[in-house]
Amino acid sequence: MKEFLNRHVLFPKKYGAMPYYYLLFLFFAVFAALPIKNWFDWFCFLALIPFAKFYRDSYGEEIPNYDWEITAMIAIAALWVLNYQYYYNFIFAGFCIGFSEIKPHIFKNRVVIYLSAVTACAVYTVIKQGFDINLFFGLLFAYSCVFFCSFFCCFSKKKICVKTR
Numbered sequence: 216m217k218e219f220l221n222r223h224v225l226f227p228k229k230y231g232a233m234p235y236y237y238l239l240f241l242f243f244a245v246f247a248a249l250p251i252k253n254w255f256d257w258f259c260f261l262a263l264i265p266f267a268k269f270y271r272d273s274y275g276e277e278i279p280n281y282d283w284e285i286t287a288m289i290a291i292a293a294l295w296v297l298n299y300q301y302y303y304n305f306i307f308a309g310f311c312i313g314f315s316e317i318k319p320h321i322f323k324n325r326v327v328i329y330l331s332a333v334t335a336c337a338v339y340t341v342i343k344q345g346f347d348i349n350l351f352f353g354l355l356f357a358y359s360c361v362f363f364c365s366f367f368c369c370f371s372k373k374k375i376c377v378k379t380r
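Right under this line is the structure:
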């Protein structure tokens, strides 16, 4: 059994169990989509398949250079907000951006695209249904995840620099 698990691991071991916990948000998304009533619901529902693949690919061993995958994750998350007011798929893209070891100008471009999409979705939701608690918590998670990750990475780099001195 252990040999099977070692060969079919979804995420590198160095990340521990955390990536698997975030997969729970995708299961919640599946339940948020039910019942599927029309073709747009089917489209959003099936869009979770490439979304999950892009999330898995973000844990690759090499330094990520996948702007189109990040953009696709943001677009799919925006579709979910427009159809279901489900903001939590933005968390995946935010963490992918925040944990990427990339040049500052590329990081800045990704953050601008990410925050623009989240803000546009929030404005759409407020216009459509007003401000509610789901919007508050969705925005709290969506806005904070990219900054938390980048802060954590900067803190880790400073800690490593202090240890090497």
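What the sequence shown shows, in the working numbering, is residues 216 to 380, in sequence order.
Virtual Cβ for every residue (Gly too), placed ideally from N, Cα, C.
Review point. Does the Cβ-Cβ distance between Tyr339 and Leu297 come in under 8 Å?
Key: yes
Point to revise | Same chain, Cβ closer than 7 Å to Ala247, neighbours up to 5 away in sequence not counted | key: Tyr299 and Tyr301
Check your understanding: DSSP on Lys252, reduced to helix/strand/coil?
Key -> coil
Check your understanding: DSSP state of Val224, grouped into three classes?
Key -> coil
Practice item. Count the C-beta pairs between the segment 341-361 and the segment 301-319 that are closer than 8 Å, then say yes if the count reaches three, no if not. Key: yes
**Study point:** Local Cβ density within 10 Å of Glu284, reported as buried at 16 or more and exposed below that
**Key:** buried
Exercise for review: Thinking Ala293 and Cys336 are a contact (beta carbons under 8 Å), I'd like their distance in whole angstroms, please.
Suggested key: 5 Å
**Study point:** Spatial neighbours of Val333 in its chain, beta-carbon cut-off 8 Å, leaving aside the 5 residues before and after
**Key:** Tyr302, Phe305, Leu354, Ala357 and Tyr358
Exercise for review: Kindly indicate the opening and closing residues of the alpha helix (DSSP H) around Ile328.
Suggested key: Pro319 to Gln344
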